[in-house]
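Chains as they are written, first to last, in the UniProt record's numbering: chain V, 1 to 331; chain P, 1 to 331; chain Y, 1 to 331; chain B, 1 to 331.
The structure appears right after this line, and notes come after that.
Number of protein chains: 4
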Amino acid sequence: MQFLSDNAASVHPNVWAAMRAADEADSPYDSDRISAELDDRFAQVFGREVAVLWVATGTAANCLALSAFVPPHGGVVCHREAHIEMDECGAPGFYLHGAKLLLAEGDHAKLTAGSIAEVLDAIRPDVHQVQPHAISITQASEYGCCYTPGELAKIDVLAGERGLKLHMDGARFANAVIHLGRPPAECAGPVDALSFGFVKNGAMNAEAIVFFDPTVADVVRYRRKRAGHLQSKGRFLAAQIMAMLEGDTWLHSAEAANAAARAIGDGAAGRLLHPVEANEVFVRCTAAEREALRRQGFGFYDWGPDAARFVAAWDTREDHASALGKAIATL
Amino acid sequence: MQFLSDNAASVHPNVWAAMRAADEADSPYDSDRISAELDDRFAQVFGREVAVLWVATGTAANCLALSAFVPPHGGVVCHREAHIEMDECGAPGFYLHGAKLLLAEGDHAKLTAGSIAEVLDAIRPDVHQVQPHAISITQASEYGCCYTPGELAKIDVLAGERGLKLHMDGARFANAVIHLGRPPAECAGPVDALSFGFVKNGAMNAEAIVFFDPTVADVVRYRRKRAGHLQSKGRFLAAQIMAMLEGDTWLHSAEAANAAARAIGDGAAGRLLHPVEANEVFVRCTAAEREALRRQGFGFYDWGPDAARFVAAWDTREDHASALGKAIATL
Amino acid sequence: MQFLSDNAASVHPNVWAAMRAADEADSPYDSDRISAELDDRFAQVFGREVAVLWVATGTAANCLALSAFVPPHGGVVCHREAHIEMDECGAPGFYLHGAKLLLAEGDHAKLTAGSIAEVLDAIRPDVHQVQPHAISITQASEYGCCYTPGELAKIDVLAGERGLKLHMDGARFANAVIHLGRPPAECAGPVDALSFGFVKNGAMNAEAIVFFDPTVADVVRYRRKRAGHLQSKGRFLAAQIMAMLEGDTWLHSAEAANAAARAIGDGAAGRLLHPVEANEVFVRCTAAEREALRRQGFGFYDWGPDAARFVAAWDTREDHASALGKAIATL
Amino acid sequence: MQFLSDNAASVHPNVWAAMRAADEADSPYDSDRISAELDDRFAQVFGREVAVLWVATGTAANCLALSAFVPPHGGVVCHREAHIEMDECGAPGFYLHGAKLLLAEGDHAKLTAGSIAEVLDAIRPDVHQVQPHAISITQASEYGCCYTPGELAKIDVLAGERGLKLHMDGARFANAVIHLGRPPAECAGPVDALSFGFVKNGAMNAEAIVFFDPTVADVVRYRRKRAGHLQSKGRFLAAQIMAMLEGDTWLHSAEAANAAARAIGDGAAGRLLHPVEANEVFVRCTAAEREALRRQGFGFYDWGPDAARFVAAWDTREDHASALGKAIATL
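Have a look at this one:
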């Protein structure tokens with residue numbers, strides 16, 4: 001019973017079916033028929049014109065998106081525990097040619113307009129310090145918590161005042177949409193680009209970068225090629241994404257994952273480090289308690305010396321999740 | 001009847017089967033069981049210890065391999081028509097942080113020890129000019145021609161004398177192995193790293209970078225992650241590669257493609273711009289002749305004003321190829 | 001009697017005087033009183049508003065100027081023998097983060113609208129090839145030849161049609177202005193940025209980057225700092241430049257150098273590889289002839305096996321130049 | 001009476017004299033006679049073989065030195081308030097191609113083996129996090145405090161254990177040598193490269209990068225050129241440095257600056273934020289007190305809302321310094 005991560009889960013049957021259906025040779029790169037449908041399909045999701053590029057990983061999505069907004073001499077405000085800061089081996093430094101991440105604080109790995117302003121206000125507006133050009137937030141956050149439309153609006157006001165672009169790392173965007181119970185457009189709020197994740201939610205290796213100003217995508221197309229991310233059989237990536245959107249598979253998958261997380265979280269009342277809003281559960285527990293859980297067959301990561309992280313995926317079995325919840329409750 | 005390229009062909013049934021078999025969740029990134037088998041499997045292919053990294057594209061494979069050998073202030077000798085120069089949107093400039101491609105000549109897009117030396121000898125050995133650090137050759141070349149073991153040996157001698165590393169772009173390595181009829185180790189010759197292509201030969205989106213000095217791979221692992229090319233469900237890439245190697249599928253696929261190309265080439269005797277050694281056929285023909293072929297249902301690229309390029313893939317039908325050969329013969 | 005280069009000549013007395021006068025501590029970087037005068041001073045030179053940044057070298061000037069116009073995934077058309085291609089150790093690759101130089105032909109190291117168009121027209125307008133963003137020309141060229149205002153106008157038309165920015169490497173701009181006998185504004189023509197050279201003409205280590213759209217300079221200020229080119233005692237660079245402009249010292253110095261070159265060229269009639277327009281003289285001569293000249297005390301560089309290059313500087317003695325001219329005439 | 005900074009002070013008479021003496025044309029770049037003497041001259045200073053490169057700024061010195069040790073995918077441990085982090089506009093990101101600064105704590109802007117280890121130990125040794133390759137310390141620190149040979153030795157042990165290179169930003173190295181009263185070799189300790197500052201101590205625009213492994217310099221020579229920092233009249237930079245070393249001018253200058261700082265610090269007893277070891281004095285004082293000092297003609301920077309920074313330079317007048325000290329004492 002694995003709760004290590006959602007990042008290596010199985011592939012959704014609908015995704016498999018769509019990939020198989022795309023087998024016949026088509027035009028290469030993103031000139032195939034399926035890739036051509038993406039812009040319109042996402043325009044339906046967000047209720048406005050967008051331009052969409054597929055890539056194979058969230059790291060590539062985040063960094064290519066940011067590369068459209070941040071010059072090499074600029075900076076990006078992000079949370080101290082953001083994935084781009086902690087888990088991408090300096091990929092933003094590579095893609096942004098040495099631009100700098102400017103680290104801000106915030107509970108539950110969420111930034112606030114206030115915590116962002118604190119970082120911005122400490123920067124001298126002279127050529128000796130790196131000036132901010134964008135803000136990157138994660139929806140749901142690295143601790144599985146979600147920005148409400150109201151919180152996004154405040155950040156947007158700040159971004160507007162300071163002339164900053166806004167990027168959202170949506171590796172678990174679907175989980176946030178389910179939690180918030182609002183249309184995707186409201187959950188993305190006012191961002192300029194969204195890394196719309198599918199891999200953790202049932203796809204194999206396809207993420208979408210959604211540009212809300214379609215002209216921006218035309219620059220990033222070159223950067224995607226140049227980064228070796230323009231696959232020649234790109235139709236298989238487009239097919240994954242279309243399958244996930246079709247019939248709201250992406251929402252159903254996230255709903256299942258969130259429900260499993262809640263089942264775990266319900267058993268961990270009083271021990272939770274963060275509210276369980278998406279599909280991750282951070283539980284205070286001792287090494288001995290973790291050992292006890294592992295002996296019962298549960299797999300998960302330690303989260304420092306005094307906690308554990310449990311992640312539910314789209315394919316997590318309900319009985320596994322409730323078994324884990326009970327096991328934690330009886331620790 | 002498409003002969004546009006092999007880069008968007010269908011996926012081999014064995015590859016599909018292997019991917020499906022890998023569906024169950026496993027460890028993420030390249031810590032899964034299939035990825036763990038790659039080094040040994042390729043060691044069998046080449047008869048010596050190697051370290052192997054999967055990536056999704058040939059561009060990423062080429063550039064990550066070169067990044068291990070060439071500092072940002074260095075240069076790479078390659079053919080004026082090499083893929084890294086002509087078709088990767090400056091990806092080497094990105095991955096090598098501004099290092100320079102030093103362009104050499106050679107018939108059939110093949111370098112020779114002599115043409116490489118000509119480039120090297122023209123470089124002043126001072127800090128004002130970019131100094132060479134590596135040579136990159138393509139097997140089979142961009143015109144579908146192959147380096148013989150003897151030709152490779154001469155280039156190796158030169159590389160040794162000048163202290164240069166040797167990289168091989170093997171996007172169509174399988175086709176070269178078939179043509180040469182020699183073991184893979186001889187067809188790769190003395191190179192330090194090989195971009196071993198599978199996508200054009202039946203895989204979906206998995207290429208292998210083979211490092212003949214395994215310690216080099218350990219540096220490139222960081223660069224792969226940093227480039228957003230470390231997929232979390234990497235097992236699906238490893239599965240593709242293993243399926244292609246299993247039972248010599250990679251060789252059978254290339255054999256079929258080469259045979260189809262020969263069938264086309266046989267019809268084009270007297271019109272060939274380059275010997276047909278791999279799976280590409282470059283044919284001298286007028287615009288009117290090309291128009292005539294297209295009217296018969298053949299798809300292909302113009303190659304300048306006076307020629308056409310026909311590419312056979314692993315799944316090209318024999319009857320299509322011989323039909324094309326006959327159509328050219330009767331122009 | 002040295003004619004090796006003008007790049008290590010002595011420093012003009014007026015420059016020395018101005019530097020000494022700037023000794024007293026002032027505000028650091030470019031916030032001193034002399035740096036503050038540069039924009040207006042150059043506005044007088046060019047008869048229009050400009051923004052000017054000092055840097056220590058022509059390489060830095062060229063690359064910082066280009067960095068304002070060319071994104072990392074873009075390209076710069078320049079002559080195959082341009083300094084940025086041949087003699088800057090890949091500095092454009094560094095400053096432009098891997099952008100590519102797109103090499104064009106042209107007699108006397110001068111581009112023409114036609115030769116530029118030839119390069120542009122060969123580029124497929126797709127994401128697989130690096131797209132041009134700027135053109136860089138050298139006034140006077142690497143062979144000491146000058147673009148006439150008419151030639152510049154044609155290049156400008158092309159640049160406008162193709163949406164390209166125009167940069168001029170003016171390491172020897174003063175020499176070109178003297179030769180052309182036209183106002184500086186006409187000699188710079190329609191360029192967007194000019195690397196205005198002073199070092200070869202009597203300064204110690206100060207060049208000016210002139211931006212004809214002043215807003216561009218504000219971005220480059222950050223890049224200059226980031227490249228370690230914002231000197232804290234920048235007043236000494238500003239002082240050098242102001243001294244060179246004061247009383248037309250820059251023009252008098254170039255006049256002297258050009259006159260010396262003409263004296264050499266006059267003795268080399270029939271042997272000249274390029275017209276002598278600025279301060280460089282390229283002379284066809286055998287190894288034995290070069291040996292003869294060296295025995296007479298003349299220092300210079302071989303220019304391949306069959307030629308020699310003689311460069312006159314601002315401080316070249318007239319008698320030395322005429323002696324060299326005579327020596328060549330009597331070979 | 002200016003105490004704003006030492007970075008824009010006047011130029012030492014000995015430096016002026018040496019520059020004038022270097023006026024006559026010599027070989028360009030660093031092939032002149034003076035540059036050729038640097039290695040031996042610094043070997044005398046440090047009692048061991050070294051290789052030395054001049055550059056115009058401390059930022060260039062720091063970043064070029066680090067570029068020899070840190071690959072683009074690597075990291076550099078430095079103090080949270082280090083100049084490379086706070087005041088170089090992201091120059092390390094540019095020169096190291098996106099490598100990351102890993103920020104450590106420490107009183108008085110000094111790292112300790114313990115605070116470095118804390119940063120190192122928090123880094124997961126996997127490809128998802130940037131791995132450290134070097135440590136950069138500042139002697140004297142950004143708060144004017146010095147590492148003792150004993151403290152350096154402990155850091156060296158740690159660097160050895162972890163396989164890290166050691167770089168010292170010695171913008172005020174001379175001031176540290178004076179304070180420590182030990183030979184330069186002991187004050188530099190075990191570092192692999194030292195940015196040996198002269199500009200703040202009486203030079204105009206010349207700093208030295210000292211490589212204690214001379215072979216390293218040969219790589220950096222290319223990077224210096226590529227960064228536009230190889231001046232063609234480099235003899236003037238070499239002359240500045242030689243003049244500063246000659247007759248221990250560098251030590252006499254630092255002695256004067258340190259003495260002036262002590263005179264200020266003596267008046268600020270009880271208000272000092274950091275011990276006065278070099279030439280900087282950080283004084284706790286209110287806005288009203290700062291205003292009072294300014295009314296008396298003293299120039300200086302505020303250091304946050306509750307403090308001021310006073311910097312003495314090599315040419316600070318004793319009477320000015322003691323006047324300031326008294327003025328502070330009588331606040």
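The beta-carbon is built from N, C-alpha and C at its ideal position, and this holds for glycine as well.
Check: Contact belief for A254/Y with A174/Y at Cβ below 8 Å, rounded distance in angstroms; Outcome: 4 Å
Check: Which listed residue (A18/P, V50/P, A8/P) has its alpha carbon closest to that of residue 338/P; Outcome: With chain P covering only 1 through 331, there is no way to say anything about residue 338/P.
Check: Pair within 8 Å by beta-carbon distance, A104/V and C78/V; Outcome: yes
Check: Cβ pair I241/P, W54/P closer than 8 Å; Outcome: yes
Check: DSSP three-state assignment for W16/V, whether helix, strand or coil; Outcome: helix
Check: Beta-carbon spacing of H252/B, D87/V below 8 Å; Outcome: no
Check: N14/B at chain Y interface by Cβ criterion, 8 Å; Outcome: no
Check: Closer than 8 Å to chain Y by CB, K100/B; Outcome: no
Check: CB of D6/P within 8 Å of CB of A208/P, strictly; Outcome: no
Check: Candidates T286/B, Q296/B, G304/B: closest to A321/B by CA position; Outcome: Q296/B
Check: 8 Å contact criterion, which A140/V and R172/V should meet: CB distance rounded; Outcome: 5 Å
Check: Contact list for the stretch 220-253 of chain Y against chain P, Cβ threshold 8 Å; Outcome: none
Check: Any chain B beta carbon closer than 8 Å to V55/P; Outcome: no
Check: Unbroken alpha helix (DSSP H) run spanning C187/P, endpoints; Outcome: 184-188
Check: Cutoff 8 Å: D87/B Cβ touching any chain V Cβ; Outcome: yes
Check: Environment of E318/B [buried if 16+ CB atoms lie within 10 Å]; Outcome: exposed
Check: D218/Y, buried or exposed, once every other Cβ within 10 Å from all chains shown has been counted against 16; Outcome: exposed
Check: CB contact below 8 Å: G304/P versus chain Y; Outcome: no
Check: First and last residue of the uninterrupted alpha helix (DSSP H) at K326/B; Outcome: 318-329
Check: Residue nearest to F46/Y in terms of C-alpha spacing, selected from R294/Y, H12/Y, R309/Y, A188/Y; Outcome: A188/Y
Check: Whether G170/P touches S136/P by CB criterion (8 Å); Outcome: no
Check: Simplified DSSP assignment, three categories, for A43/P; Outcome: helix
Check: Where the alpha helix (DSSP H) through H83/B begins and ends; Outcome: 83-86
Check: C-alpha distance - A287/V paired with A109/B, whole-angstrom precision; Outcome: 37 Å
Check: Cutoff 8 Å: G144/V Cβ touching any chain P Cβ; Outcome: no
Check: Cutoff 6 Å; reference E289/V; Cβ partners in own chain excluding five residues on either side; Outcome: L331
Check: Beta-carbon proximity of G299/Y to M1/Y, cut-off 8 Å; Outcome: yes
Check: Where the beta strand (DSSP E) containing H252/P begins and where it ends; Outcome: H252/P -> not in any beta strand (DSSP E); alpha helix (DSSP H) instead, spanning 249-267.
Check: A278/Y versus I123/Y, L180/Y, H229/Y, E291/Y, residue with shortest Cα-Cα distance; Outcome: L180/Y
Check: Among K233/Y, R162/Y, A82/Y, nearest to residue 332/Y - alpha-carbon criterion; Outcome: The structure shown does not extend to residue 332/Y, since chain Y is modelled only from 1 through 331, so no value can be given for it.
Check: Cβ-based burial, P28/Y [other Cβ within 10 Å; buried from 16]; Outcome: buried
Check: Near-chain V residues of the stretch 57-75 of chain Y (beta-carbon distance less than 9 Å), N- to C-terminal order; Outcome: S67, P71, P72, H73, G74
Check: Buried versus exposed, by CB contacts within 10 Å (16 or more), G304/B; Outcome: exposed
Check: CB of A308/Y within 8 Å of CB of V283/Y, strictly; Outcome: yes
Check: Members of the stretch 191-216 of chain P near chain V, C-beta cut-off 7 Å; Outcome: V199, M204, N205
Check: Boundaries (first-last residue) of the alpha helix (DSSP H) holding S136/Y; Outcome: Not the alpha helix (DSSP H): S136/Y falls in the beta strand (DSSP E), residues 131-138.
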